[in-house]
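Trainee: Dumping the structure here so I can ask a few things about it.
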Amino acid sequence: MRSKIDILILIFFTALLYVLTVRGLTGNFNNAKELSKFAVYNTTKFTEDLHGNFESSHERSTYAFMLSLRNKSIALSKDLADFGIPDIGFFKGNLYSLFPPGLALTILPMYIIGGYFNLGQVFSYFSIAFFAIGSALLLYKVSRNVFKLPSWVSIFSALIFSFATTSWSYAITIYQHLPAAFFILFGFYAVWKFKKAEKYRFFWASLVWFIYGLSIFFDYPNAILMLPIIIYFFVSSVDFEPEPVRRININGLFFITSIVFIALLALHGLYNNEVFGRPIKFHNTLPVYNGFNYEELINGTSRDSNKPTIWRIFTEEAILQGINKLFIRADRGLFIYSPILLFALLGMFSFRKKYNVESITLLITVAVNILVYTSTGIPEGGRAFGPRYLIPSMSVLSLFVAIWLLETKYKMSSRILIFIVVTFSSGVALLGALTTNMNRIKEEAINLNKKYTFLFNWDFLKQGKSGSFVYNEFLADKISLVEYFFIIYGMLLTVFAVVLFVLPMFEKEKERVEVPPAPTVPSELAVGDPSTRLGVNKKIPVVPAKRYQFHCFFNRIDFDYKTKLF
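Count along the sequence shown from 1, then add 81; that gives the number in the numbering used here.
Pasting the structure below:
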């Protein structure tokens, strides 16, 4: 009952803050005349003029793709393509979005619903908030059920990810990063349910493969980011029985249910084959249309006609430089924009003696996320607010912040310190959510004599430039944007204070994170005499050969095994 109440409160609060900050303008923006004013070449001061509405090509290209799908066409018209540049590709005389179809298909239903109220753009943008709310709930469930954290700590981990990291800025507009975080958390939780469930294992196994296959429709790198989850799934399908006969079992459901993933992969291949003539041709490998090279692309004379393949994008030489850019540099650094996540490092250290397959899987997922995007050579992600590529990792790091809060022996002082840091982190996150994601990288900003940290967003706030639909539509003529900022900020800090200092008084706190007990050594392997263990005047015993069996489906493989104990 307590968990259900927690979940309802979490849904209400996260939805409320996302509604208050969701970006967009009144209108459905579905014709060339309405869209043309947002085209890049019609805007001289692009970021400064749009501040939150169709400001990024990620938003425009996906929105254009969605409108094209609504018109029952995968290829974009010239007008829609002009609206979506520079994330528009060219192939055999047609123009396409450079993004996979998953995100465009996801926002289409909300666009249709919002269209009845002349709020097509706002409803489309809010589609991503559903993934953000789902990620918060999954983070709560993982904290509560998998890691056995107390209720208040589980709520805190969800709130950190939602409102004390830069994920907030990408939960209220059209980007692929929150869906990626959602799929990773959902896949992880589904594997854990498969591992623990006595019933419905077929359902959970099928769901894991479905999530994996579906994630690729949203962003191609998800195929790599979710690999640790699939490895965890395989490990969870293997069972070792030491007695009475050594036996290794592999649950056949791992292989049987993979037909779900194969079917989704085949569907993606059919889509690519229908559109591009090849099953493995991807959107983001197309030559780029920039609004001025259409004739060159048709004639095959464009210098951008030979884009690198998806596998050539990643280079190991860029990793060290990418780590510096994503974690330390003032223009994008994770620990600059969200210093609360520094405590995740302490959480990893304090949990070092209790690592199990679940915690290791999550940490490997973070490592893969970092390696994939630091190796691209452009980890900044163009103009962005914070390291947007690390949003999937932010969810896992938020969990380890909560673990440190529980593991540390300095309970009250640690909560006070956490509250101080979360005050700064959530303020920065809200600053980005209310203003713009289009912060320049350091080199570009210096050349233009512009600010390149979140102070750039502070200037927007003081000037009253916001992308918030609620503020612009209902409150702009009543209160200043700074006042609106502090109203939301006060609500958020009040909730953080209640979770940190009030809720623990109503819950019997567990002093440490629970972990499964270590497996016991079989009796015939144990050596009772200490001198035997040390090898003092005694021969090292040899365990007699044991019969092992390997079971998978209906096959059995037997083999003998000998070992020495040192």
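Backbone N, C-alpha and C fix where the C-beta goes; we use that ideal spot for every residue, glycine too.
Say whether the segment 500 to 519 touches the segment 461 to 469, bearing in mind that this needs 3 or more beta-carbon pairs closer than 8 angstroms, one atom from each stretch.
Mentor: Flag = yes, the segment 500 to 519 and the segment 461 to 469 touch.
Trainee: Would you give the residue range spanned by the alpha helix (DSSP H) that Gly-196 belongs to?
Mentor: Here the alpha helix (DSSP H) through Gly-196 covers 182 to 196.
Trainee: Is it buried or exposed for Leu-101, if we count other Cβ within 10 angstroms and need 16 for buried?
Mentor: buried
Trainee: Please report the straight-line C-alpha distance between Ser-235 and Asn-353, rounded to a whole angstrom.
Mentor: 41 angstroms
Trainee: Could you name the residues of the same chain whose beta carbon sits closer than 8 angstroms to that of Ile-472, not counting the 5 residues immediately before and after it, in chain order?
Mentor: Apart from the 5 residues on each side of it in sequence, Ile-472 sits with its Cβ closer than 8 angstroms to the Cβ of Thr-246, Thr-247, Ser-248, Tyr-251, His-258, Leu-259, Ala-261, Ala-262 in its chain, given in chain order.
Trainee: Buried or exposed: where does Asp-540 fall if 16 or more other Cβ atoms within 10 Å of its Cβ makes it buried?
Mentor: exposed
Trainee: Can you tell which of Ile-499, Ser-549, Leu-536, Pro-302 has the C-alpha that lies nearest to the C-alpha of Asn-450?
Mentor: Pro-302
Trainee: I'd like the span of the beta strand (DSSP E) that includes Ser-54, first residue to last.
Mentor: A query on residue 54 cannot be resolved here, the shown segment of the chain reaching from 82 to 647 and no further.
Trainee: Using the Cβ count rule (16 or more neighbours within 10 Å means buried), how would you classify Leu-573?
Mentor: That one is buried.
Trainee: Using only the alpha-carbon positions, how far apart do Trp-290 and Lys-222 sit?
Mentor: 20 angstroms
Trainee: I'd like to confirm the pairing. Which residues does DSSP put opposite Phe-172 in its beta bridges?
Mentor: According to DSSP, which records beta bridges pairwise, Phe-172 is partnered with Asn-175.
Trainee: Between Val-477 and the rest of its own chain, which residues show a CB-CB distance below 7 angstroms, the 5 nearest in sequence each way excluded?
Mentor: Closer than 7 angstroms at the Cβ level, and outside the excluded window around Val-477, lie Leu-443, Thr-446, Val-447.
Trainee: Are the CB atoms of Ala-411 and Lys-531 nearer to each other than 9 angstroms?
Mentor: no
Trainee: When you compare each of Thr-575, Met-586, Val-576, Glu-115 to Met-493 by their alpha carbons, which one comes out closest?
Mentor: If we check each option's Cα against that of Met-493, Met-586 comes out closest.
Trainee: Helix, strand or coil for Val-103 per DSSP?
Mentor: Residue state, collapsed to three classes: coil.
Trainee: From Thr-125 to Arg-413, what distance separates their C-alpha atoms?
Mentor: Caution is warranted here: a pLDDT of 44 is assigned to Thr-125, below 50, making its placement in the model unreliable, and the coordinate value is therefore given only provisionally. Straight-line Cα distance between these residues: approximately 25 angstroms.
Trainee: For Pro-309, count the other beta carbons within 10 Å of its own beta carbon; 16 or more makes it buried, fewer makes it exposed. Which is it?
Mentor: Classification of Pro-309: buried, given that the 10 Å Cβ count is 16 or more.
Trainee: Measuring alpha carbon to alpha carbon, tell me which residue in Ile-253, Ser-154, Phe-537, Thr-143 is nearest Gly-548.
Mentor: Ile-253
Trainee: Keeping to the same chain, check which residues put their C-beta closer than 6 angstroms to that of Ser-84; ignore five residues upstream and five downstream.
Mentor: none
Trainee: Using 10 angstroms around the beta-carbon of Arg-225, count the other beta-carbons present and answer buried if the total reaches 16, otherwise exposed.
Mentor: buried
Trainee: Indicate the three-state DSSP secondary structure (helix, strand or coil) for Leu-529 in the structure shown.
Mentor: coil
Trainee: Quickly, what does DSSP pair Asp-320 with across the bridge? List them, please.
Mentor: Asn-330
Trainee: Relative to the C-alpha of Phe-284, which residue among Val-272, Leu-295, Gly-294 is closest?
Mentor: Val-272
Trainee: Here's the rule: buried if 16 or more other CB atoms are within 10 angstroms of the residue's CB, otherwise exposed. What is Thr-575?
Mentor: Here Thr-575 is exposed, its C-beta having fewer than 16 other C-beta atoms within 10 Å.
Trainee: Using only alpha-carbon positions, find the residue among Phe-432, Ala-483, Leu-295 that is nearest to Phe-500.
Mentor: Per the Cα distances, Ala-483.
Trainee: Taking its Cβ as the centre, do 16 or more other Cβ atoms sit within 10 Å of Val-579, making it buried, or is it exposed?
Mentor: exposed
Trainee: By alpha-carbon positions, which one of Met-307, Glu-115, Ser-208, Phe-335 ends up nearest to Ser-318?
Mentor: With distances taken between Cα atoms, Ser-318 lies closest to Phe-335.
Trainee: Taking Cβ to Cβ, would you say Ser-216 is nearer than 9 angstroms to Ser-238?
Mentor: Ser-216 is not a Cβ neighbour of Ser-238, given a cutoff of 9 angstroms.
Trainee: Tell me which residues share the same chain as Lys-362 and place their Cβ nearer than 7 angstroms to its Cβ, disregarding the 5 neighbours each side in the sequence.
Mentor: Close CB contacts of Lys-362 within its chain, under the 7 angstroms cut and outside five residues either way in sequence, are with Asn-353 (chain order).
Trainee: Give the straight-line distance between the Cα atoms of Phe-267 and Phe-432, rounded to the nearest whole angstrom.
Mentor: 23 angstroms
Trainee: Measure the C-alpha to C-alpha separation of Phe-582 and Leu-562 and round it to an integer number of angstroms.
Mentor: Approximately 30 angstroms between the Cα atoms of the pair.
Trainee: Does Leu-157 come out as helix, strand or coil in the three-state DSSP assignment?
Mentor: strand
Trainee: Quick check: the Cα distance between Val-356 and Tyr-570, rounded to an integer number of angstroms?
Mentor: 47 angstroms
Trainee: Taking only three categories from DSSP, how would you classify Ser-224?
Mentor: helix
Trainee: Given that a residue counts as buried once 16 or more other Cβ atoms are within 10 Å of its Cβ, and exposed if not, what is Asn-134?
Mentor: buried
Trainee: Only counting the same chain, and skipping five residues up and downstream in sequence, which positions put a Cβ closer than 6 angstroms to that of Ser-479?
Mentor: Ser-238, Ile-241, Phe-242
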